[in-house]
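Just so you know, the sequence shown maps onto residues -19 to -1, 1 to 156 in mature numbering (1 follows the signal peptide of the UniProt record, and there is no 0).
Using N, Cα and C, we set each Cβ at its ideal position, and we do this for glycine too.
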Amino acid sequence: MKYLIACSLIVAFFAASYAEVPSASDVKKIVDKHNLLRKKEGSSKMLPIKWSSKLANYASAWAQNCAFEHGQPAEAQNEDDIGQNLYASSTSNVDYESAIQNWYDEKPDYSYDSNSCRSGKMCGHYTQVVWATTTEVGCAVQMCNKGIEGLPWPRGHIIVCNYLPPGNWEGEKPY
């Protein structure tokens, strides 16, 4: 019995320590959702986005920090710049499509003419999702049983999506 409890605790520890890389079904949903929203912009410059396992692995490693802040794990430090969007939820029902839609829903707060966000609003997640020259995405989700640093919840999920090439270059419009 002690052996069974010890094994259960070890499994629970490691299960809580590693971010979940999406299933094949979720990968398709992530790519399809990005491409659907990107297509809505009607730009002839918009390139299709595809899945990157490398970016997903970086997202997984970063999500394990359970911190609501941008960054990359040590193994990505030699890479060129990587774009990144974060999404957090205190509910148990968290999904990639909702996160991507949430980022896209910043669109009303973005002015294409002035290439800026409305005063006091965020729109950089939206512009990263629709950045025309971004062609790769990789995401992961982490359950944070001890909370997410920077947020007031006792526990929650964090979704990290990484992008290459990155968007949000100062002075450049997304499409």
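| Item | Value |
| --- | --- |
| Based on the DSSP secondary-structure assignment, which residues constitute the bridge partners of Y124? | Looking at the sequence shown, residue 124 is not Tyr but Met. Beta-bridge pairing links M124 to H138. |
| Looking at T115: is its Cβ nearer than 8 Å to the Cβ of G148? | yes |
| Could you tell me whether the Cβ atoms of S70 and G131 are closer together than 8 Å? | no |
| Thinking Y39 and G119 are a contact (beta carbons under 8 Å), I'd like their distance in whole angstroms, please. | 7 Å |
| Per DSSP, Y144 is paired with what? | G64 and V118 |
| Less than 7 Å between C-beta atoms, sequence neighbours within five positions excluded: which residues of the same chain meet that for A113? | S24, K26, M27, L28, P155 and Y156 |
| Starting from K20 and walking both ways along the alpha helix (DSSP H), at which residues does that stretch end? | A5 to K20 |
| Taking only three categories from DSSP, how would you classify K26? | coil |
| Since Y91 sits in a beta bridge, which residues does DSSP pair it with? | C98 |
| Using DSSP with H/G/I as helix, E/B as strand and the rest coil, what is E151? | coil |
| Measuring only the C-alpha atoms, how far is P3 from V122? | 8 Å |
| Would you kindly work out how many angstroms separate the C-alpha atoms of P146 and Y107, rounded to a whole number? | 15 Å |
| So, under 8 Å CB-CB, A12 and W32 are touching, yes? Tell me the CB distance rounded to an integer number of Å. | Reading off the sequence, residue 12 comes out as Val, not Ala. That pair is a contact at about 5 Å. |
| Under 6 Å Cβ to Cβ from I140, same chain only, skipping five residues before and after it: list those, please. | Y68, A80 and V122 |
| Tell me the rounded alpha-carbon separation between Q109 and D61. | 16 Å |
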